[in-house]
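The structure under discussion appears below in the form of structure tokens.
2 protein chains.
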Amino acid sequence: MQEVLKHLEAHFQAYLAELAEFVRIPSVSTDPAYAAEVAKAAHWVAQRLRRSGVPEVEILETPGHPVVYGAWETDPRRPTLLIYGHYDVQPPDPLERWQTPPFAPAIREVSGEQRLYARGVSDDKGPMLIPLLVTEAFQAVKGAPPINLKFLLEGEEEVGSRHLEAVVQAQLQRLKADFVLSADGAMWRPGVSSLNLSARGLVSLEFSLIGPSKDLHSGRHGGAILNPLVAMARLIASLHEASGRVAVEGFYDRVCEASPGERAAIQALPWEDGAYLAEIGAQGVYGEPGYSTLERQWIRPTLEVNGLWGGYTGPGGKTVIPSRAQAKLSCRLVPEQNPDEVRERLIQHLHRHCPPSMRLEIQAEPHGARPYALPSDHVGLRVARAVLRETEGQKPLEVRMGGTLPIANTFKEYLGLDTVFFSFSTGDEDFHAPNEFFRLERFRLGLEAWARYWWRLAHLEGLET
Amino acid sequence: MQEVLKHLEAHFQAYLAELAEFVRIPSVSTDPAYAAEVAKAAHWVAQRLRRSGVPEVEILETPGHPVVYGAWETDPRRPTLLIYGHYDVQPPDPLERWQTPPFAPAIREVSGEQRLYARGVSDDKGPMLIPLLVTEAFQAVKGAPPINLKFLLEGEEEVGSRHLEAVVQAQLQRLKADFVLSADGAMWRPGVSSLNLSARGLVSLEFSLIGPSKDLHSGRHGGAILNPLVAMARLIASLHEASGRVAVEGFYDRVCEASPGERAAIQALPWEDGAYLAEIGAQGVYGEPGYSTLERQWIRPTLEVNGLWGGYTGPGGKTVIPSRAQAKLSCRLVPEQNPDEVRERLIQHLHRHCPPSMRLEIQAEPHGARPYALPSDHVGLRVARAVLRETEGQKPLEVRMGGTLPIANTFKEYLGLDTVFFSFSTGDEDFHAPNEFFRLERFRLGLEAWARYWWRLAHLEGLET
Chain A
1 MQEVLKHLEA HFQAYLAELA EFVRIPSVST DPAYAAEVAK AAHWVAQRLR
51 RSGVPEVEIL ETPGHPVVYG AWETDPRRPT LLIYGHYDVQ PPDPLERWQT
101 PPFAPAIREV SGEQRLYARG VSDDKGPMLI PLLVTEAFQA VKGAPPINLK
151 FLLEGEEEVG SRHLEAVVQA QLQRLKADFV LSADGAMWRP GVSSLNLSAR
201 GLVSLEFSLI GPSKDLHSGR HGGAILNPLV AMARLIASLH EASGRVAVEG
251 FYDRVCEASP GERAAIQALP WEDGAYLAEI GAQGVYGEPG YSTLERQWIR
301 PTLEVNGLWG GYTGPGGKTV IPSRAQAKLS CRLVPEQNPD EVRERLIQHL
351 HRHCPPSMRL EIQAEPHGAR PYALPSDHVG LRVARAVLRE TEGQKPLEVR
401 MGGTLPIANT FKEYLGLDTV FFSFSTGDED FHAPNEFFRL ERFRLGLEAW
451 ARYWWRLAHL EGLET
Chain W
1 MQEVLKHLEA HFQAYLAELA EFVRIPSVST DPAYAAEVAK AAHWVAQRLR
51 RSGVPEVEIL ETPGHPVVYG AWETDPRRPT LLIYGHYDVQ PPDPLERWQT
101 PPFAPAIREV SGEQRLYARG VSDDKGPMLI PLLVTEAFQA VKGAPPINLK
151 FLLEGEEEVG SRHLEAVVQA QLQRLKADFV LSADGAMWRP GVSSLNLSAR
201 GLVSLEFSLI GPSKDLHSGR HGGAILNPLV AMARLIASLH EASGRVAVEG
251 FYDRVCEASP GERAAIQALP WEDGAYLAEI GAQGVYGEPG YSTLERQWIR
301 PTLEVNGLWG GYTGPGGKTV IPSRAQAKLS CRLVPEQNPD EVRERLIQHL
351 HRHCPPSMRL EIQAEPHGAR PYALPSDHVG LRVARAVLRE TEGQKPLEVR
401 MGGTLPIANT FKEYLGLDTV FFSFSTGDED FHAPNEFFRL ERFRLGLEAW
451 ARYWWRLAHL EGLET
């Protein structure tokens, strides 16, 4: 193992040069003008897998951008990891806010640390390249990695992984593994590694309240009929209690309360409401009584209004009573809430609270996302904890995600696999913004940690839980 | 007097031809492409006044379209009327929905009545032409009208009478009169004349609630802060009681309750909620308890939401907690409510109900409109009642307006004059829509009624009140 680490160390500058070469390819998945560049990046990735010794490499075409698949089955008695990452990147706009061009990687020292600046370097090309390089190191030193590896590296993560589900469904046999190790999914804070235990699910709903069949003059008709905007305001107001708790009947029915241990772990994390409020520019925290801010974001379900509109919204005034008021809602879900059931509860609530003079029209999105959670003693987490304690000299933070992890749901649903997120990018690295960067030290640490991870997984004895 | 009526009768076909000539001029005030046509219409009106014998005729230029002024002071001991009307018209779009071209007047028989179809024929060229023709008849038969006349005929009514206030302010002396008789302002229903006793005032306000300083991802932040859209919904919901009564403290303080007689008069009008709901396509009436629909529209104040918006309003979903929610409100006011005071009450309410974590930003429109009401025994109304009883054999309906009459406020504020509305167009004549028409019988009736009006005003004795 020491030899592998030495090999990684010795080749660090070469790896950095390779990462620079990788990020020079503007593989912007959302813009058709870059389609050839996305294809080029897929070929680059496939080539890199082959050079790392991966014997089975295939570019799986989709109606969109391809998925690069690789497999190196070394020993059927050893564990098998399915490694996930993506080679596509966000658009670089606004270009004028970049200090150096987005596809001309540049190393700069900022805040005492070396950073590589380029679009996609943190999300996800840097983190994604790590397992490919670690494979090469094992091949060079040991002839092969210590476990079985499968790679699923997609080119559409930044456009909602449009065709990933279809690819997974079509490749059920080839994707068999013990669990997924994801090179995507940034760590929580700079300076300390973290492991993500859960993500919330999602269900969305749009609805309209329709009063009169056409817009009316509010002079002539004002006072005589219920204004759909007032009806909408009341309906939205009925969704929560004043305290902040969701007032939809049955909303919390299946919510699995966090254990005292889980709550204590969240309580122990470094967090200050004051600093949080300063970051988002808000005046106060607010939410379900009895829970801290992190608990409200991570382990409690929520119902948010994402859009609300009706009537005249342009400059100046217009004396109108609109025919219709509209709203978009979404709920974040926690185990064991079910998106379909929550959607039903929500619709029932809207019907129950819709005034008799209003017609309710509901456009529910057919697909919700289930909440995702890893058991705290999942072997993939135990390995990760041990590795990070070893590389960083301290226990990683155990965090959760308020948002949704669609790929974790996809792998769970079709392959029955849990996903352990083991990216070495950090949430502050301006991915999706100008001047995206990746910390060189995290790149180095990632190479070491992934090598140790595979080694430990291959030799599971003695893992602390 | 009979000779004047005979003269009007005898010249009816000629007058009709004149009206047709007048509506051939496309005096669309809102579209700069028609500016020359608007000027042409002003000259046509000035010429018509001169031909009717009006000795003092002047085209008053404004930064927009001109006002045509005329004066015929016959006897300082007689009453003086200021006659108001407008010679500009709405745009004719959509052209394809006109059965005959908008500026090519055509007579058609519909529902057993003769109608003249053309843009502006009902609003307001037909009604406006009446006093000019009646002046001519008096001149022809008697040498002069029986009262003193002043004319103020504007070319910007359809664009909000932009420069009328300035003209009135500049002409205070020349506009001195006993009251205003308006040739604009349609009657309520076809088949029976009506007199308008009041119009509601108006005050408008726009405001924002601002939470975080930028839009936030509702996955990461959902549940942890108060969503501005939820705060807005609650604030809007707080403006009314569930019953429909306005909940703003002090809102009703100065409201002058209608007398039992006034309420009985409204109660006696032909009205069915069912027919009203069918007309507007709504499911039910709703409003301040204890009042009928017409009372809610005419003699009770109201607070309406004219616009409400925030967050993502495009197609599909976006998981956002917006930084800001916005709303536009307007109140209709009744005597003796004061727009400035109501605005203050409203602002106080918003501040009082704004949650501590939200910042309230108010953009109040500086100008409100006062409510307008004529005393029921106003001499101008008494004359009108007597004339209409005589010409139609029945008492006119006494109605009110839910909307605002800016010109009545202008004349009241600057000249201290009440305005009696005595138009012979009807609310169903599709002004502001394709196929605008004016009923020939109402044109004939208008000529007779205006002649009788002036005659009666000149000989006030024996008027029933």
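So the sequences go chain by chain: A and W.
For the first sequence, position 447 matches number 447 in UniProt numbering, and the numbering has no gaps at all.
For the second sequence, position 239 matches number 239 in UniProt numbering, and the numbering has no gaps at all.
Glycine residues also receive a C-beta, built at the ideal position from the N, C-alpha and C atoms.
Per the C-alpha coordinates, the member of A/117, A/98, A/94 positioned closest to residue 107 of chain A is A/117.
The continuous alpha helix (DSSP H) containing residue 138 of chain W extends over residues 126 to 142.
In this structure, residue 289 of chain A keeps its C-beta atom at 9 Å or more from the C-beta atom of residue 334 of chain A. For the C-beta of residue 282 of chain W, the chain A residues within less than 8 Å are, from N- to C-terminus, 211, 212, 213, 225, 357. Of all residues in the region 393 to 417 of chain A, those with a C-beta nearer than 7 Å to a C-beta of chain W are 402, 403, 404, reading in chain order. With a threshold of 9 Å between beta carbons, residue 271 of chain A makes no contact with chain W. DSSP places residue 455 of chain W inside the alpha helix (DSSP H), whose first and last residues are 440 to 458. Of W/206, W/328, W/278, W/314, the smallest CA-CA separation from residue 327 of chain A is found for W/314. For residue 167 of chain A, the closest alpha carbon among the candidates A/20, A/64, A/242, A/428 is that of A/64. Residue-level contact check: residue 435 of chain A does not touch chain W, since none of the beta carbons of chain W fall below 9 Å from its beta carbon. Considering only beta carbons, the part of the region 304 to 323 of chain A lying closer than 7 Å to chain W consists of 304, 305, 306, 307, 308, 309, 310, 311, 312, 313, 317, 318, 319, 320, 321, in chain order. Judged by their CB atoms, residue 114 of chain W and residue 439 of chain W are nearer to each other than the 9 Å cut-off. Taking a Cβ-Cβ cut-off of 7 Å, residue 372 of chain A has no neighbours in chain W, whose nearest Cβ is about 12 Å from it. DSSP assignment within the UniProt domain "Peptidase M20 dimerisation" (202 to 356) of chain A yields the following whole beta strand (DSSP E) runs of 3 residues or more, N-terminal first: 302 to 311, 324 to 333. Note that the region 255 to 270 of chain W does not touch the region 195 to 203 of chain A; fewer than 3 beta-carbon pairs, one per stretch, sit closer than 8 Å.
Against chain W, the beta carbon of residue 285 of chain A has neighbours under 9 Å at 224, 225, 226, 357, listed in chain order. In chain order, 200, 202, 332, 401, 402, 403, 404 make up the part of chain A whose C-beta sits under 8 Å from the C-beta of residue 219 of chain W. Within the same chain, and ignoring the five residues on either side of residue 158 of chain W in sequence, the residues whose Cβ sits closer than 7 Å to its Cβ are 29, 30, 88, 89, 90. Judged by their CB atoms, residue 362 of chain W and residue 308 of chain W are not nearer to each other than the 9 Å cut-off. Counting along the chain, residue 70 of chain A sits inside the beta strand (DSSP E) bounded by residues 67 to 72. Taking C-beta atoms as the reference points, residue 122 of chain A and residue 429 of chain A count as a pair closer than 9 Å. Close partners of residue 236 of chain A in chain W (Cβ separation under 9 Å): 229, 230, 232, 233, 234, 236, 237. When only Cα atoms are considered, residue 216 of chain W and residue 222 of chain W end up about 9 Å apart. Counting along the chain, no beta strand (DSSP E) covers residue 407 of chain W; the unbroken alpha helix (DSSP H) around it starts and ends at 406 to 410.
The Cβ atoms of residue 1 of chain W and residue 451 of chain W lie closer than 9 Å to each other. Residue pairing by DSSP puts residue 194 of chain W in a beta bridge opposite W/397.
Taking the Cα of residue 3 of chain A as reference, the smallest distance to any Cα among A/296, A/248, A/192, A/142 is reached at A/142. Per the C-alpha coordinates, the member of A/174, A/137, A/105, A/229 positioned closest to residue 330 of chain W is A/229. One thing to note: residue 224 of chain A has its Cβ within 9 Å of the Cβ of residue 297 of chain W. Counting C-beta pairs with one atom in each stretch, the region 40 to 52 of chain A and the region 383 to 401 of chain A have fewer than three that are closer than 8 Å, which means they do not touch. Counted as a single uninterrupted DSSP element, the alpha helix (DSSP H) harbouring residue 391 of chain A occupies residues 379 to 392.
A direct Cα-Cα distance of roughly 17 Å separates residue 25 of chain A from residue 67 of chain A.
Taking the C-beta atoms as reference points, residue 420 of chain W is found nearer than 9 Å to residue 181 of chain W. Contact check for residue 255 of chain W against residue 300 of chain W passes: the beta carbons are separated by less than 9 Å.
Of the candidates A/458, A/359, A/41, A/283, the residue whose Cα lies closest to the Cα of residue 210 of chain W is A/283. Contacts between residue 365 of chain W and chain A, judged by CB atoms closer than 9 Å, involve 316, 317 in chain order.
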